[in-house]
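Structure, as structure tokens:
There are 2 protein chains.
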Amino acid sequence: MGINHCRSFVPPVRTLMGPGPSDVHPRVLAAMARPTIGHLDPAFIQMMDELKSLLHYAFQTENELTIPVSAPGSAGMETCFVNLVEPGDKVVVCQNGVFGGRMKENVERCGGQPIMIEDEWGAAIDLDKVEKALKTHADAKILAFVHAETSTGVQSDAEQLCELARRYDCLTIVDAVTSLGGTPLNVDEWAIDAVYSGSQKCLSCTPGLSPVSFSERAVKKIQGRQRKVQSWFLDLNLLMNYWGSGAKRAYHHTAPVNPLYGLHESLIMIKDEGLENAWARHERHHQALRAGIEAMGLSFTVKESDRLPQLNAISVPQGVDEAAVRKRLLEQYSLEIGAGLGSLAGRVWRIGLMGYSSTPKNVMFCLGALEAVLCDLGAPIEQGKASTAARIVLS
Amino acid sequence: MGINHCRSFVPPVRTLMGPGPSDVHPRVLAAMARPTIGHLDPAFIQMMDELKSLLHYAFQTENELTIPVSAPGSAGMETCFVNLVEPGDKVVVCQNGVFGGRMKENVERCGGQPIMIEDEWGAAIDLDKVEKALKTHADAKILAFVHAETSTGVQSDAEQLCELARRYDCLTIVDAVTSLGGTPLNVDEWAIDAVYSGSQKCLSCTPGLSPVSFSERAVKKIQGRQRKVQSWFLDLNLLMNYWGSGAKRAYHHTAPVNPLYGLHESLIMIKDEGLENAWARHERHHQALRAGIEAMGLSFTVKESDRLPQLNAISVPQGVDEAAVRKRLLEQYSLEIGAGLGSLAGRVWRIGLMGYSSTPKNVMFCLGALEAVLCDLGAPIEQGKASTAARIVLS
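If you want it as structure tokens, here you go:
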């Protein structure tokens, strides 16, 4: 491909209601464009300190080792595994969607031994199965699970899972990519040992950063490792010195300066709103969307008690070409919603109401656009009822 | 630390003439703030294709596997090593500064065996020593070296080193973090097998991305590995599917959407200027800075033939507190220059003229500010001559 035709890229203006990225607030976009400064500049170091404190709040933790990894959520996941798993370690991994499978890959690539607990895609993690596995594998060192499965819209009971893990003397690694900022996540209260998230879901920052946090217990295990962490870039023993307190920081890598401005701004916005208010907002708009979806005659894939308010898996009605619906939404309304993955491919849509995307406007817009497109395609739905149903919840 | 006092972060406006990041052009900053779209959006996928083509041009290569890694240069380095080094592989590593040492760390963490060839910090890599090592270690699989040592301002002869490697049947891993876009780098002509760079040096994008390129020979080795790459996030077998051509892309991780807008824009600017013109610009402003520096009575640390035009190591005059000079430049002139690292700490300043920072304005400004600060601190320099000397080169 030649390059002579290449011009500045001017992206279309979308409404992002898929599984992430979510819409980014203009304040965060403006922060991304502020003048770049050096990663060792005193002003930048002060910003880093604030970022850590803001992450403490978002994660509800006082863990000293709470930082944004300079890469997307997948790298945050890898940070947890490469630092905590040593060759030969048994790790109990719960899988009820795509991301549990990725955890297994991580354990194997660290030379660990994954013990897989499988649940149906679209269901929460079964606590009894986990307890049985922890009993059977008394030498397991770690329990790893996904709090909010982005691939299915399912929430599992992180508090109870952590309680179980402690009872069987395991550390926990928790995927909170889609939960942070959208649904209660209490790292200290639940005694989570290692948690990672992403910038582009309920924090509504641009994609590319992964906030992580590690308990003292986890830090002790990392500091006492028999052999070096296999990744230099993700080695927390080095990153601790880089993100450590005080003026003396050991240079590790060049931080992604402008994306960190963006994350800082998005965390300021969460602080100003208040975490509890943000959680309540996600729940309220989920209920409004749900009312509209059900009034249309569509149904949720996940049973009520397991649903993630910020990621709604809707079952595709029989005979409807789900990809055609998404294509029309994108082309006619510039609205992005998500497809199903894995065993749910072709069978569900995933509608995100995350962060700045979780607004009354988007609920109404999405219901209207979806109804219009489904009608155009001749799908068997109830017409004209969705917006009223949603309005009642919102008012 | 509380968070109640945290406000939007408004960075100071600096002139960045350290070892990176360099100044970012307003066009690139504006691109960073464009509306975020989904990483699977058709418009985004078209942008990714253009990005690859623009990187082909910047690297002067037709390597199909030419992509930006979604993380800083250190992760680009790690991408090369984790994919190409298998346990037990002997890797000849040249060290003449900080980054050769980091390569050694990478080899070890991949289970490889580094054979270190050491040169003085501030000198280029000695070809004879390398050839001797390649002869002695006939079973070495890879030669790894730094083309442009950011820590010392030294350029080594990448073309000759690659020629040597081929003669002894080794693949090459080349650090081009500071050379890409600033000084000739001809990946195909020199037959480099694996090369990584950074977005924040002579490309003048914001920090956080690492362009990489791999030859067919390298790809074959990666595809024929005995065991999986130890990093899931950096596994090129997976990344190839993600960045592959055509509409069918396998989801791997969520791309850092807005930073990629920025990189796209910075590469458009390089294309519009022309690579050869960019190289000539870096050389011209280096010569102007040099004339001014020498007219002041200061001297370069690196001998003339080994100097990197985009990163100038200047010897600190005896009796001058180098940190005090940098502090004053930052506080009085909002000008950032770099300190020495490792064995050069306290003995040199590193003045970058990279990318958008490489302008006549910055040459003049830096000489003027440096002269003023040195005079204020009572350093024994020639006064009033630097700007005339630089002007003669620039005119």
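Same order as they appear, the protein sequences are chains A and B.
Here the first sequence is numbered in the working numbering, starting from 1 and rising by one per residue.
Here the second sequence is numbered in the working numbering, starting from 396 and rising by one per residue.
All C-beta atoms in this analysis are idealised placements derived from N, C-alpha and C, irrespective of residue type, glycine included.
Item: Contact under 8 Å by Cβ, Ile440(B) with Arg644(B); Value: yes
Item: Limits of the unbroken beta strand (DSSP E) element including Gly733(B); Value: 730-734
Item: Runs of beta strand (DSSP E) wholly within the stretch 699-748 of chain B (minimum 3 residues, chain order); Value: 706-710, 730-734, 743-747
Item: Backbone secondary structure at Ser395(A) - three-state DSSP; Value: coil
Item: Span of the alpha helix (DSSP H) around Thr578(B); Value: Element bounds for Thr578(B): n/a, residue is neither H nor E.
Item: Burial state of Asn241(A) (16 or more Cβ within 10 Å); Value: exposed
Item: Sub-8 Å separation of Lys411(A) and Leu51(A) beta-carbons; Value: With chain A covering 1 to 395 only, the question about residue 411(A) has no answer from this structure.
Item: Close beta carbons around Leu143(A), own chain, < 6 Å, minus the five adjacent residues each side; Value: Val92, Ala165, Cys170, Thr172
Item: The stretch 325-342 of chain A: positions lying closer than 7 Å to chain B by Cβ; Value: Glu336
Item: Alpha-carbon to alpha-carbon, Arg109(A) and Cys202(A); Value: 29 Å
Item: Other residues of its chain near Ile117(A): CB distance less than 6 Å, five sequence neighbours each side excluded; Value: Cys94, Lys129, Val130, Ala133
Item: Integer-rounded CB distance, given that Pro72(A) should sit under 8 Å from Thr649(B); Value: 5 Å
Item: Gln595(B) at chain A interface by Cβ criterion, 8 Å; Value: yes
Item: Proximal residues, the stretch 487-520 of chain B versus chain A, C-beta separation under 8 Å; Value: Arg497, Glu500, Asn501, Glu503, Arg504, Cys505
Item: Beta-carbon proximity list for Leu162(A), same chain, < 7 Å, skipping 5 on both sides; Value: It should be pointed out that residue 162(A) corresponds to Cys in this sequence rather than to Leu. So the list reads Thr172, Trp190, Ala191, Ile192, once near-sequence residues are dropped.
Item: Same chain, Cβ closer than 7 Å to Asp306(A), neighbours up to 5 away in sequence not counted; Value: Ala123, Ala124, Val154, Gln155
Item: Candidates Pro416(B), Cys770(B), Gly741(B), of which the one nearest Ala718(B) by Cα; Value: Gly741(B)
Item: Beta-carbon proximity check, Leu236(A) vs Asn63(A), cutoff 8 Å; Value: no
Item: Amino acids of chain A, ordered along the chain, whose beta-carbon sits closer than 7 Å to that of Asn653(B); Value: Met32, Thr206
Item: Short Cβ contact (8 Å threshold) for Leu275(A) with Val325(A); Value: no
Item: Minimum C-alpha distance to Asp89(A) - residue among Glu78(A), Leu29(A), Phe59(A), His137(A); Value: His137(A)
Item: Strand pairing of Phe454(B), partner residues [DSSP]; Value: Phe454(B) is not bridged to any residue.
Item: Boundaries (first-last residue) of the beta strand (DSSP E) holding Thr461(B); Value: 460-464
Item: Buried versus exposed call for Gly737(B) [16 or more other C-beta atoms within 10 Å across all chains shown]; Value: exposed
Item: Tyr728(B) and Ala781(B) closer than 8 Å at C-beta; Value: no
Item: CB contact below 8 Å: Pro467(B) versus chain A; Value: yes
Item: Spatially closest choice to Met48(A) from Gly576(B), Pro406(B), Val697(B), Leu580(B), by CA coordinates; Value: Pro406(B)
Item: Classification of Lys756(B) by the beta-carbon crowding that lies within 10 angstroms, buried from 16 upward; Value: exposed
Item: Minimum C-alpha distance to Glu731(B) - residue among Leu748(B), Val715(B), Leu739(B); Value: Leu748(B)
Item: Residue range of the beta strand (DSSP E) that includes Ala144(A); Value: 142-146
Item: Contacting residues, own chain, Cβ-Cβ under 6 Å from Trp638(B) (five flanking each side not counted); Value: Ile462
Item: The beta strand (DSSP E) enclosing Ala31(A), as first and last residue numbers; Value: Taken as a continuous stretch (DSSP letters only), Ala31(A) belongs to no beta strand (DSSP E), being part of the alpha helix (DSSP H) at 26-32.
Item: For Thr474(B), the first and last residue of its enclosing alpha helix (DSSP H); Value: 468-479
Item: Range of the contiguous alpha helix (DSSP H) that encloses Pro654(B); Value: 652-668
Item: Within chain B, the residues that Met47(A) reaches when beta carbons sit closer than 8 Å; Value: Phe404, Pro406
Item: 8 Å Cβ cutoff met for Met77(A) and Pro259(A); Value: no
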